[in-house]
Ligand SMILES: *Cc1c(COP(=O)(O)O)cnc(C)c1O
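In the working numbering, the protein residues as written are 54 to 479.
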């Protein structure tokens, strides 16, 4: 079997040949690799080529592919039933873990994706506050929810316009889009609009425009202003939850949002999302309250089992310092090779997540991300792929390491990177 043949077949029956657009390689060109299996830090495509995987299913697989504890948990559950549509103890166990790990979460509800989590959280915020406006930040991604697929209008203080076909202007105009890391712009907006704001939703570390860390004071200001005006603060920790510590980024910086969205790692590779927070807000959900929210497969035992096995293993291993060290060595190696090759490169990193930008730094907002050299990334991506290193097929995505990315695996990846960066200088 060949990748190209499968892609040809896929194109016949699946729009663009893929079930999520970035997988189609349009941002970097070429044919997507069709994966037949994975283990630890590695992927194998259908042509039996091996890759070191830095995508890790876009974040969930912090323990690498096929971690024995996760495989065993899923196998054990599968023979007892895939889904019951009735409550199970597994849901309580995972909810207990999440509530005890994330300080701001008193109650949590499980859904099937990060998109569902953010969609439900903003519905809840609107119901709780009786207001309509949602504030989001440029470059942050919160899933494909209508009112969050919105870009900035013409002026800084105007409301948003649709960022995709199919979103009514009326819905887009209930969302304001402000520049990430720009505390002044946020203050300015709140001065005139605070009384109408239901919620501010933010990725506390932006992980969908590469990786961009919050500047000191940015999140703190958002917390203070939202509290002062009675708006809710929603942290979208779908990527950062359980990735940077056992809990959320909020626990590292000591900021308590009112609601938190989770996903990715808490499902261990199966489809899961969750949203949780203050009890007085969460209790507005049906069946206790007037906010409808439901799901046929929500909290299904397979996903709960995979999530529980993942979180319990993380709790036991506490791998976070080790993962951060692995990523530090990797970024330092990349920067050294880029320096030798005279290729401008900036690496943003925190813990086990990082992004490479082909430009001189710093890169602290969406505009600076977009100003990096996407053509250089494309060349780098293909050189790495050729050498057996699978990076995200887009210049504006994070790369992740897992507990399976051992020093010898990373050394091989660095050798490939040195070769790729040297080729870029010519
Ligand atoms: C991936 C992601 C989502 C969407 O999650 P899905 O499971 O893809 O719907 C939402 N927010 C953030 C920050 C994400 O990274």
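All C-beta atoms, glycine included, are put in the ideal place defined by N, C-alpha and C.
Residue i versus the options, residue with shortest Cα-Cα distance
| i | options | result |
| --- | --- | --- |
| residue 323 | 109, 83 and 343 | 109 |
| residue 149 | 376, 464, 300 and 392 | 300 |
| residue 431 | 81, 251 and 116 | 81 |
| residue 468 | 252, 373, 105 and 352 | 105 |
| residue 420 | 111, 231, 76 and 167 | 231 |
| residue 275 | 298, 305, 61 and 243 | 243 |
| residue 472 | 451, 446, 455 and 433 | 433 |
| residue 361 | 386, 345 and 318 | 318 |
| residue 435 | 410, 334 and 477 | 477 |
| residue 168 | 179, 198 and 269 | 198 |
| residue 257 | 250, 251, 407 and 233 | 233 |
| residue 365 | 164, 154, 60 and 132 | 154 |
| residue 290 | 304, 278 and 314 | 314 |
| residue 352 | 165, 273, 107 and 241 | 165 |
| residue 55 | 95, 100 and 65 | 100 |
| residue 349 | 470, 136 and 126 | 136 |
| residue 79 | 445, 272 and 464 | 445 |
| residue 458 | 327, 440, 413 and 405 | 405 |
| residue 116 | 296, 271 and 161 | 296 |
| residue 464 | 58, 386 and 125 | 386 |
| residue 175 | 335, 470 and 359 | 335 |
| residue 190 | 83, 359, 356 and 271 | 271 |
| residue 76 | 470, 422 and 111 | 111 |
Exposure label - residue i; buried when at least 16 CB within 10 Å
| i | result |
| --- | --- |
| residue 403 | buried |
| residue 248 | exposed |
| residue 325 | buried |
| residue 144 | buried |
| residue 448 | buried |
| residue 235 | buried |
| residue 339 | exposed |
| residue 391 | buried |
| residue 185 | exposed |
| residue 33 | This structure cannot settle anything about residue 33, because the visible part of the chain is limited to 54 through 479. |
| residue 121 | exposed |
| residue 74 | exposed |
| residue 72 | exposed |
| residue 221 | exposed |
| residue 376 | buried |
| residue 194 | buried |
| residue 302 | buried |
| residue 277 | exposed |
| residue 408 | buried |
| residue 132 | exposed |
| residue 343 | exposed |
| residue 213 | buried |
| residue 114 | buried |
Inter-residue spacing [alpha-carbon to alpha-carbon] between residue i and residue j
| i | j | result |
| --- | --- | --- |
| residue 141 | residue 177 | 25 Å |
| residue 118 | residue 237 | 43 Å |
| residue 417 | residue 267 | 8 Å |
| residue 134 | residue 354 | 8 Å |
| residue 68 | residue 282 | 44 Å |
| residue 400 | residue 152 | 33 Å |
| residue 196 | residue 286 | 17 Å |
| residue 367 | residue 138 | 28 Å |
| residue 453 | residue 383 | 11 Å |
| residue 379 | residue 262 | 22 Å |
| residue 294 | residue 394 | 36 Å |
| residue 347 | residue 369 | 32 Å |
| residue 227 | residue 158 | 27 Å |
| residue 217 | residue 461 | 43 Å |
| residue 372 | residue 298 | 9 Å |
| residue 173 | residue 396 | 44 Å |
| residue 187 | residue 147 | 29 Å |
| residue 442 | residue 93 | 14 Å |
| residue 330 | residue 474 | 45 Å |
| residue 260 | residue 102 | 28 Å |
| residue 98 | residue 451 | 21 Å |
| residue 321 | residue 245 | 43 Å |
| residue 337 | residue 264 | 34 Å |
| residue 66 | residue 59 | 11 Å |
| residue 255 | residue 288 | 5 Å |
| residue 33 | residue 62 | One cannot answer for residue 33 here, as it falls past the ends of the chain, which runs 54 to 479. |
| residue 284 | residue 251 | 5 Å |
Short CB-CB distance (under 9 Å) between residue i and chain D
| i | result |
| --- | --- |
| residue 407 | Among the protein chains of the structure shown there is no chain D, as only one such chain exists. |
Is the segment 74 to 92 in contact with the segment 416 to 426, if contact means three or more CB pairs nearer than 8 Å?
no
Using 8 Å as the threshold, is the segment 293 to 312 in touch with the segment 207 to 227, meaning 3 or more CB pairs across them?
no
Runs of beta strand (DSSP E) wholly within the segment 289 to 335 (minimum 3 residues, chain order)
312 to 316 and 326 to 330
3 or more residues per run - each beta strand (DSSP E) lying fully within the segment 75 to 149:
88 to 92, 95 to 98 and 103 to 106
Jot down the residue ranges of each uninterrupted alpha helix (DSSP H) in the segment 211 to 291, minimum 4 residues, whole runs only, in chain order.
222 to 225, 236 to 246 and 271 to 282
Quick one: complete beta strand (DSSP E) runs, 3+ long, within the segment 168 to 194?
186 to 190
Unbroken stretches of the alpha helix (DSSP H), 4 residues or longer, contained in the segment 388 to 416
none
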